[in-house]
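Worksheet for the structure shown next.
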Amino acid sequence: MKRTLIALSVLVALSMLLTACGGGAAGGVIKVATQSPLSGGQSAIGVDIKNGAELALEQLKGPLEEMGFTVQLAPYDDQANPDNGVANAKQIVADPAVLCVVGHYNSGVQIPSSEEYHAAGLANVSPANTNPRVTTRGYLEVNRIVGRDDVQGVVAADFAASKGVKSVYVLHDKTAYGQGIAEFFRIEAEAKGMQVLGFEGTEEKANFDALLTPLLAANPDAVFFGGIYDQIAVFIKQAREKGYMGIFVSDDGFDSPEAVNIAGEAIVAGGGTYYSTVAGPAILYPGTAKFQEDFAAKYGAGPKPFAAQGYDAMAICLKAIEDAATAAGNKLPERGAVATAVRALKDFPGITGTINFNAIGDLTTAKYFVIQVASADPAKWNDNPVAETLDIAPPE
Amino acid sequence: MLRRFGSAYLRELIRPLVQMTAFVLASGAILSTVMVILALLLRGSAADEALLARNGTDLLTFTLSNLPQVLIDSVTLGFVYAAIALGYSMVYGVLEFINFAHSEIFATGAFIGVEFLIILEGAGRLDGVGNLLAYTWLVVAIVLGMVGAGLLATGVERIAYRPLRGAPRLVPLISAIGVSFFLQDAIRMIESLTTGQFHRIIPTFGNFDQRILLGNIPLSTGAIEIGIQVKSVIVIVGAMLMLIGLNILVNATKVGKAIRAVAQDRPTASLMGINVNRIISLTFLVGGALGGAAGVLYALKFTRIDPFVGFFPGLKAFTAAVLGGIGNLTGALLGGVVLGMLENFAGAYLSAFTMGAAGAEYKDILAFAILILVLIFRPSGLLGEQVGQKA
């Protein structure tokens, strides 16, 4: 009897707590959601995207609070998995307090999830997604503050050509992102007169023996792998162990100190490893000095790649909400008005540069980097030398 | 008495060694011959020309020059599968029940061993260790993985299978699938408590990553090196020791006799004074321990593990057990070796033989298509006729 009573009182307490949470939404609460992988193999980057956004929210929510709103962060974990991303997106869309989404690390997750945002008219600012289809669908709600793979793949292939690479083996991870950039790399490599000795996708994350046999027999000058670091680094380690000594070229998905953790010395051996990226380490952006300090003070470690983009994406969301609220006479703005306000921003001073969106939500000019991995010490990842920096407008 | 025991001991020591060598040589020879014949048949075909234009070698040279390395890789992979398959076969032999949670028990063993090594690395005990110490730590990690996985398997049997022993056969199977999901997410939760990351990288220490060069084949595009990594040798030796140990346990000891008795006829065995529950617990302990050891070896070979790491190797090891004749320990080994070879041969040669149309990513499709063919003609597996005697 006593146990039943305790159980009952716990239940009652819980339900009161729940109603208390639910009841707050009406009183001028604004939420900005983030979606990124917070757990799993890609969480090293995903958590810092969220942290960057969180830091921006804390530092920049002042103007909205002066208008009388309460501003909250609603972090979601998409686990780098499209199913989870879409399920989260449905939840986000169903919460009327959410006015903007900072989101996604993986293009393969962003593309299906943003269909939900589009259907609900909810603004989405992407800090990291590079597949062209993110914006080429022409949705008003979807914007990104980084470059595109149809440029990045070309940048990587041009760079390989400049290193004197004559033959290349192209691999990808079969995701929208990895396969996409690998295709763009291949097209440009062929146009530059390189011999493409193989083009293969693989979901394998442990045993690359079978894949390596034909690759080693073909003995290409360079291997391009389109995908994410937790797979590519294992591949690099095994390829070097089997005696491949050429150049590895990869993409912005490779940009994480975890890559060195996995691959160890193999990553700098032989011809070395290079990657193209749309978001170099925060040090490369002149405006991020204060951000780096604040980030390290709050989270105990320097920002990983894309954290500064997470900060800017949040800053854009907050600014757009503020503009829309002002236009609505200091009232809670409609979702549609926020989406329009994001696209209408002119010369927004972000920490990664001045941001202007074109008609489909791409940056009018985006930065592209090619970086060489110079050290097998994960702590020195951000010190890797930049081989190339380019400013390129998106293709028409 | 002692002499009789001694000779049985010796016989069980030598028999699996001879079998292993025979299986590896025979399946290697058969597959190599098939590949060479295929290459000869396709001489002058479009695939031949395409490869010549791309790599500068014709199909036959390509096939021959890659054979030694492919065989070495195949045997390594085959022994990994065989080591996992032993656990499936052991339990099936005794209970006629497929323990689908075995793949997670394998993963648990891997995580225990790797976490131990990570702790050692964190304490600075792995910095510049000599070979002797490195191997000692590796053995300790494997033993810890075996103990942890063995106890977990026994616990799973006690909680999830024993209460269902009288139930229809599908019921414990569903229970096993449930346990499998439960364990996956339990590992995921525990591992992500500290950092949110649930994959682990085995620390680099000792000489395990070194490659022993066995020679090289000069080609017009550059030489193809043939070599085997120290860690691959460890995997092969480890799996061999596991099989020999298991063979001795099952066929040359008193406990083994009890296990065989329970496998043949449970009620009668219990009438003869054998504690059936204890023997079944022991079976799970041994099967789990083998799975745990296989897990640590897998982590050593393939560097990175996550909570779902057991799924595919587990599925393939189960297939290997069925292919060899489930319940038959020798069959598990043969199945593992054959599956490892099919997979590696398909991965290595598919792209050259199809002019790049179907690459290494289709290796599983080809390997399993051949398995289906084998099972159509030999439904009880390659060594199926011996299934009657079990374990």
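Order-wise, the sequence lines are chains A and B.
Quick note on my numbering: the first sequence kicks off at -3 and runs consecutively.
Quick note on my numbering: the second sequence kicks off at 998 and runs consecutively.
The beta-carbon is built from N, C-alpha and C at its ideal position, and this holds for glycine as well.
For residue i and chain B, any beta-carbon pair shorter than 8 Å?
i, result
"I45/A", "no"
"V230/A", "yes"
"D226/A", "yes"
"C17/A", "Note that C17/A scores a pLDDT of 45, beneath 50, so its modelled location is shaky and nothing firm can be said."
"A375/A", "no"
"K27/A", "no"
"A21/A", "A caution first: A21/A carries a pLDDT of 38, below 50, which makes its placement in the model too unreliable to give a value."
"I258/A", "yes"
"G36/A", "yes"
"L60/A", "no"
"A372/A", "no"
"L193/A", "yes"
"S32/A", "no"
"S39/A", "yes"
Give the C-beta separation of residue i and residue j to the nearest angstrom, bearing in mind that I take them to be a contact with Cβ-Cβ under 8 Å.
i, j, result
"A337/A", "A320/A", "4 Å"
"I141/A", "Q305/A", "6 Å"
"T1060/B", "V1021/B", "Contact doesn't hold; Cβ gap of about 20 Å is too wide."
"T1327/B", "L1368/B", "18 Å between Cβ atoms; not a contact."
"S163/A", "M190/A", "6 Å"
"V1232/B", "V1136/B", "V1232/B to V1136/B, Cβ: 14 Å. No contact."
If I follow the unbroken alpha helix (DSSP H) through residue i, where does it start and stop?
i, result
"P381/A", "Where P381/A is concerned, there is no enclosing alpha helix (DSSP H), given that its DSSP letter is neither H nor E."
"S39/A", "S39 to L56"
"S272/A", "S272/A -> not in any alpha helix (DSSP H); beta strand (DSSP E) instead, spanning T269 to T273."
"R331/A", "R331 to A340"
"E1101/B", "H1099 to G1119"
"N84/A", "P78 to A90"
Would residue i count as contacting chain A if we go by Cβ distances under 8 Å?
i, result
"L999/B", "Any reading at L999/B needs caution, since the residue's pLDDT is 47, under 50, leaving its predicted position unreliable; the model's value is listed next. By this cut-off, L999/B is not an interface position."
"I1367/B", "no"
"L1074/B", "yes"
"E1358/B", "yes"
"D1124/B", "no"
"S1004/B", "no"
"R1008/B", "no"
"E1340/B", "yes"
"Y1096/B", "One point to set straight first is that residue 1096/B is Asn, not Tyr, in the sequence displayed. Cβ-Cβ to chain A under 8 Å: no for N1096/B."
"V1227/B", "no"
"S1348/B", "yes"
"D1182/B", "no"
"G1344/B", "yes"
"T984/B", "The question about residue 984/B has no answer here: the residues shown for chain B are numbered 998 through 1388."
"F1299/B", "yes"
"D1303/B", "yes"
Since residue i is in the beta strand (DSSP E), which residue starts that stretch and which ends it?
i, result
"T350/A", "G349 to I351"
"F1179/B", "Unbroken run through F1179/B is the alpha helix (DSSP H), L1167 to T1192; no beta strand (DSSP E)."
"K27/A", "V25 to S32"
"P345/A", "F344 to G346"
"F221/A", "A218 to G222"
"L1211/B", "R1208 to I1214"
"K404/A", "Since the first residue of chain A shown is -3 and the last is 392, residue 404/A is not available in this structure."
"T66/A", "T66 to D73"
"Y1359/B", "Counting along the chain, Y1359/B falls outside any beta strand (DSSP E), and DSSP gives it neither H nor E."
"G1324/B", "Segment: none, G1324/B is in no beta strand (DSSP E) and carries neither H nor E."
"L1061/B", "No beta strand (DSSP E) holds L1061/B; the alpha helix (DSSP H) holding it covers L1056 to L1092."
"G140/A", "One point to set straight first is that residue 140/A is Arg, not Gly, in the sequence displayed. Residues V138 to R140."
If the cut-off is 7 Å on Cβ atoms, which residues from the stretch 1190 to 1221 of chain B count as contacting chain A, listed in chain order?
G1193, Q1194, F1195, H1196, I1198, T1201, D1206, R1208, T1218, G1219 and I1221
At a CB distance below 7 Å, what residues from the stretch 197 to 215 of chain A approach chain B? Give them in sequence order.
G197, T198, K201, A202, N203, D205, A206, L207, T209, P210, L212, A213, A214 and N215
Ignoring anything shorter than 4 residues or poking outside the stretch 252 to 318 of chain A, list the alpha helix (DSSP H) runs there in chain order.
254 to 259 and 285 to 295
May I ask you to list, following chain order, the residues of the stretch 1009 to 1022 of chain B that have a beta carbon less than 9 Å from some beta carbon of chain A?
none
Along the stretch 231 to 244 of chain A, where does the CB come closer than 7 Å to a CB of chain B? Name the residues.
Within the stretch 231 to 244 of chain A, those residues whose Cβ lies closer than 7 Å to any Cβ of chain B are, in chain order, K233, E237 and G239.
What residues in the stretch 261 to 295 of chain A bring their beta carbon closer than 7 Å to a beta carbon of chain B?
If the cut-off is 7 Å between Cβ atoms, the stretch 261 to 295 of chain A has nothing near chain B.
Compile a chain-ordered list of the residues in the stretch 63 to 80 of chain A whose CB is closer than 8 Å to at least one CB of chain B.
none
Kindly provide the ranges of any beta strand (DSSP E) runs that are 3 or more residues long and lie completely inside the stretch 1219 to 1264 of chain B, ordered along the chain.
1221 to 1226
May I ask you to list, following chain order, the residues of the stretch 1043 to 1070 of chain B that have a beta carbon less than 8 Å from some beta carbon of chain A?
R1051, N1052, T1054, F1059, S1062, N1063, Q1066, V1067 and D1070
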